[in-house]
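Asks:
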Amino acid sequence: MAELNPRVQGRDRMNGQFTRDGYVIHFETTGTGPRLIWVDPALGSSAMRPMEAALEMLTSRFEVVTYDRRGRGLNREARPSARDEIDDLAGLVAHLGGADIVTGFSSGGALVLRAARHLRPATIALVEPAVSDARDGSGLRERIDQALAAGAPETAVRAFYDATGTPEEIIRTVVESPAWKDVVRCASTLPAELDLTEVTADTLAAVPTPIHVIISDGSPPEITGMGETLVSRADATLWREPGSWHGIDPTALTNRLTSLSQSATENGPSGQP
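For the sequence shown, our numbering assigns the number 4 to the initial residue and increments by one for each residue that follows.
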């Protein structure tokens, strides 16, 4: 396992890697404070990370750890399973020696829930989690599998964006950006992503720490409704913050996570080694 290595740019910015089952996973640490691990959503990586402005602001209060999930960013191409993703996140936490908060955005929130028993005693904060109590029945998984089998990863990515209601202007911005080729390269990770979003009652019952769900007042009901349903299923705490379509205002998110961190510190161990 490699140790953290300083990078020349950025505030207190360091990068590192660890190996699980022969596969190297890259991560980056920025800032100082309680340790917050950020779990990206579908197709997110160091090449294109949603909510980058919020992450930058969080580094003023936290030691923020971001990582490239299997098959993404600096990692070699792969088609992970849901189990790979769960074990990778657990491996990152173990490699770092613990965390104070683990925050998952969108479908990254589903991964956090699936891995939660390995994350104790970290606080779990989910930003507009994309979760369901059943497997996707829309046929999206099958369409993505068919596109990948046909050697058409771009078609798979577009199918995912269309099915999830991503606004056309956001899709256009991504397609026209230098990161588009990296996003397409992540297409092989989409089947596992869809598998992870099924969070059963048994999975929720096994979560060892309180769950906090943060939703945006600028998101449509089809997005916020998933978080609200999760709150009722898991007896979680719901926080509604200012924001835009599927995104929380950076200041609001930073303040909310800071408050949760302080509360956890006052009420018991935070998990920081």
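Beta carbons are placed, not taken as given, at the ideal position from N, Cα and C, and that holds for glycine.
Bear in mind that the values here come from a model prediction, so they are computed numbers and not experimental data.
What number of angstroms, rounded off, separates the C-alpha of T22 from the C-alpha of A150?
Replies: As a working mapping, residue 22 is identified with position 19 in the sequence shown. As a working mapping, residue 150 is identified with position 147 in the sequence shown. Each residue's alpha carbon lies about 30 Å from the other.
Asks: My parser needs the alpha helix (DSSP H) runs of 4 or more residues fully inside the segment 131-210; what are they?
Replies: 143-152, 156-166, 171-178, 183-188, 193-199 and 204-208
Asks: Using the DSSP secondary-structure output, state which residues sit across from L39 in a beta bridge.
Replies: On the sequence shown, position 36 is the one that residue 39 refers to. Paired residue(s): V67 and I104.
Asks: Could you give the first and the last residue of the continuous alpha helix (DSSP H) run that contains H98?
Replies: Your numbering for residue 98 matches position 95 in the sequence shown. Segment A85 to L99, the alpha helix (DSSP H) holding H98.
Asks: Quick one: what's got a C-beta closer than 7 Å to P272's C-beta in the same chain, skipping five residues either side?
Replies: Residue mapping note: residue 272 aligns to position 269 of the sequence shown, counting from 1. In this prediction, P272 scores a pLDDT of 40, lower than 50, which makes its location untrustworthy; no coordinate-derived value is stated.
Asks: Could you tell me if A209 is buried or exposed, where buried requires 16 or more neighbouring beta carbons within 10 angstroms of its beta carbon?
Replies: Here residue 209 corresponds to residue number 206 of the sequence shown, with the count starting at 1. Counting Cβ neighbours within 10 Å, A209 comes out exposed, since fewer than 16 surround it.
Asks: What did DSSP end up calling D55 once you bin it into helix, strand or coil?
Replies: Indexing the sequence shown from 1 puts residue 55 at position 52. Checking the sequence, you will find Glu at residue 55 rather than Asp. It is helical.
Asks: Taking buried to mean at least 16 other C-beta atoms within 10 Å of its own C-beta, is R75 buried or exposed?
Replies: As a position in the sequence shown, residue 75 is number 72, starting the count at 1. Per the 10 Å Cβ criterion, buried.
Asks: Is it the case that the Cβ atoms of A334 and I226 are separated by a distance below 9 Å?
Replies: With the chain covering only 4 through 276, there is no way to say anything about residue 334.
Asks: Of all the options P37, G25, I104 and I147, which has the alpha carbon lying nearest to the alpha carbon of D198?
Replies: As a first step, residue 198 must be located in the sequence shown, where it is residue number 195. Out of P37, G25, I104 and I147, I147 has the C-alpha closest to the C-alpha of D198.
Asks: Provide the residue span of the alpha helix (DSSP H) that contains N270, from first to last.
Replies: By one-based count along the sequence shown, residue 270 stands at place 267. Unbroken alpha helix (DSSP H) run through N270: P253 to N270.
Asks: How long is the line joining the alpha carbons of I40 and V216, rounded to whole angstroms?
Replies: Reading the sequence shown from its first residue, position 37 is the one you call residue 40. Reading the sequence shown from its first residue, position 213 is the one you call residue 216. The alpha-carbon separation between I40 and V216 amounts to approximately 16 Å.
Asks: Can you give me the start and stop residues for the beta strand (DSSP E) that L241 sits inside?
Replies: On the sequence shown, residue 241 is found 238 positions in, with the first residue counted as 1. Here the beta strand (DSSP E) through L241 covers T240 to E244.
Asks: Report the rounded CA-to-CA distance for A102 versus L122, giving the unit in angstroms.
Replies: On the sequence shown, position 99 is the one that residue 102 refers to. On the sequence shown, position 119 is the one that residue 122 refers to. Computed Cα separation, rounded: 8 Å.
Asks: Please name the residue in A159, W183 and G221 whose C-alpha comes closest to that of P194.
Replies: Counting from 1 along the sequence shown, the entry for residue 194 is found at position 191. When each option's Cα is compared against that of P194, the closest is A159.
Asks: Under three-state DSSP, which class holds R23?
Replies: Within the sequence shown, the letter at position 20 stands for residue 23. R23: strand per DSSP, three-state reduction.
Asks: DSSP puts I279 in a beta bridge; with which residues?
Replies: Nothing can be reported for residue 279, as the shown portion of the chain is limited to 4 through 276.
Asks: Taking the continuous alpha helix (DSSP H) assigned at S49, which residues delimit it?
Replies: The count along the sequence shown starts at 1 and reaches residue 49 at position 46. Per DSSP, S49 belongs to no alpha helix (DSSP H) and is neither H nor E.
Asks: Whose C-alpha, out of A255, T212 and G111, is nearest the C-alpha of A237?
Replies: Walking along the sequence shown from the start, residue 237 turns up at place 234. A237 has its Cα closest to that of T212, out of A255, T212 and G111.
Asks: Use the C-beta contact count for D91: other C-beta atoms within 10 angstroms, 16 or more gives buried, fewer gives exposed.
Replies: What you label residue 91 is simply residue 88 of the sequence shown in a count that begins at 1. Buried is the label assigned to D91, since at least 16 other Cβ atoms lie within 10 Å of its Cβ.
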